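Working notes, beginning with the structure itself.
There are 2 protein chains.
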Amino acid sequence: MPTMTAAQRRAAEKRDYDAFLDGCKSRALLDRLTDKWVTLVLAALRDEGTMRFSALSRRIAGVSQKMLTQTLRNLERDGLVVRTVTPTVPVTVDYRLTDLGTSLALLVLQVKGWAEQHMDLVLQHRDDYDAAHA
Amino acid sequence: MPTMTAAQRRAAEKRDYDAFLDGCKSRALLDRLTDKWVTLVLAALRDEGTMRFSALSRRIAGVSQKMLTQTLRNLERDGLVVRTVTPTVPVTVDYRLTDLGTSLALLVLQVKGWAEQHMDLVLQHRDDYDAAHA
DNA sequence: TGGGTTAGGCACCTCCAGGTGCCTACTTCC
DNA sequence: GGAAGTAGGCACCTGGAGGTGCCTAACCCA
């Protein structure tokens, strides 16, 4: 059978897509950046240098302990953040960016800069569009 | 009552967080970039200049029509993409980046560049971490 | 003696982004 | 006459990201 049904073609495309994703580093990075709190943690650590868990959870208002822990674990796992435990009486844990983490944070800040410069325009477009298609 | 319970404090933080998000342009931008297909569409349009719907769905293997449509609508709504309908016999629709869209696409490509340079290191860290914490 | 602090662990629940399938209306090709 | 291509619309469904609440263990303070 030389031809394919639409369903067969889509299945083939999906295989391509999956294979593509496995080797796609930018997708992997995007998945990390996509996490709701990652960029906020990067920004906070870049501003403050070193922060304790409690300081981070205060600075990033609204984050749950679970999500902050999860986010920091992932960043540590990826070598973007170092975790230092000091066995004082209630144990103290410090987090800071690695060089790698810092270089990524700088990029994230560029995106933030774009947003601050251009998002007003985007929101304007959005309102116009909504008004036109009401 | 001068003190707060932990629950009260968290509720207050959540209010702060919500208020914070409403005025946060970079968060709004991130929400857009977060959409699974947005970056791929930006990259494709930047490479090819102008593309038809079907060309995009072929280029971005694995995307469903629904998601491609939704992604393009959002990008159009935000003024990052222009949609041009040509009433040929089966109607033809072309998409291309606006200047605003192009400037954002360039930023996205920088992130992609970071990924291509450094993701190996990240993945290495990830493996080491997993090995150490097995 | 009960509450606050430290940095989380664990279990359950919710909600929606994204996926799938089926539909159109017109035309051209086999 | 049936299939494929054109650009989607619409309804339904599921997985997993993210949230909530309750737990610890050792200490301090009022």
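Sequence order for the protein chains is S and Z.
My numbering applies: residue 3 is where the first sequence begins, and numbers increase by one.
My numbering applies: residue 3 is where the second sequence begins, and numbers increase by one.
C-beta atoms are modelled at their ideal positions from N, C-alpha and C, and glycine is treated no differently.
Predicted, not measured: the structure shown is a model, and the values here were computed from it.
Own chain residues within Cβ distance below 8 Å of residue i, not counting five before or after
i: M53/Z; result: A46, L47, R61, D96, Y97 and R98
i: R85/Z; result: L74, E78, V95, D96 and Y97
i: P4/Z; result: Since pLDDT at P4/Z reaches only 34, below the 50 mark, its modelled position is unreliable, and the value read off the structure follows with that caveat. Contacts found: none.
i: N76/Z; result: R34, D37 and V40
Whole-angstrom C-beta distance between residue j and residue i, which should lie under 8 Å
i: A107/Z; j: L32/Z; result: Not really, about 16 Å apart at Cβ, beyond 8 Å.
i: S28/Z; j: A117/S; result: 4 Å
i: M121/S; j: A30/Z; result: 6 Å
Short CB-CB distance (under 7 Å) between residue i and chain Z
i: D80/S; result: yes
i: R48/S; result: no
i: K68/S; result: no
i: T2/S; result: There is no way to answer for residue 2/S, as the model of chain S reaches only from 3 to 136.
i: L77/S; result: no
i: R54/S; result: no
i: Y97/S; result: no
i: L109/S; result: yes
i: T36/S; result: yes
i: V84/S; result: no
i: L31/S; result: yes
i: R61/S; result: no
CB contact below 7 Å: residue i versus chain S
i: M121/Z; result: yes
i: S28/Z; result: yes
i: W39/Z; result: no
i: T71/Z; result: no
i: A117/Z; result: yes
i: V124/Z; result: yes
i: V113/Z; result: yes
Cβ-Cβ distance between residue i and residue j below 7 Å
i: V113/Z; j: D80/S; result: no
i: L74/Z; j: G103/Z; result: no
i: T41/S; j: T36/Z; result: no
i: V2/S; j: S59/S; result: Absent from the model: residue 2/S. The displayed extent of chain S is 3 to 136, so no value can be given.
Own chain partners of residue i with C-beta closer than 6 Å, once the 5 adjacent residues on each side are dropped
i: L109/Z; result: none
i: G115/Z; result: none
i: T88/Z; result: T94
i: M6/Z; result: No answer about M6/Z holds up, because its pLDDT of 49 lies below 50 and its placement is not dependable.
Which residues DSSP lists as bridging residue i, in chain order
i: V87/S; result: V95/S
i: M69/S; result: Paired residue(s): none; M69/S is not in a bridge.
i: T52/Z; result: R98/Z
Residue i Cβ short of 6 Å to the ligand GTP heavy atom set
i: T88/Z; result: Of the ligands one can find in the structure shown there are none, so the ligand GTP has no counterpart to examine.
Cut-off 7 Å between Cβ atoms - residues of its own chain near residue i, not counting five sequence neighbours on either side
i: T100/S; result: G81, L82, V83 and V84
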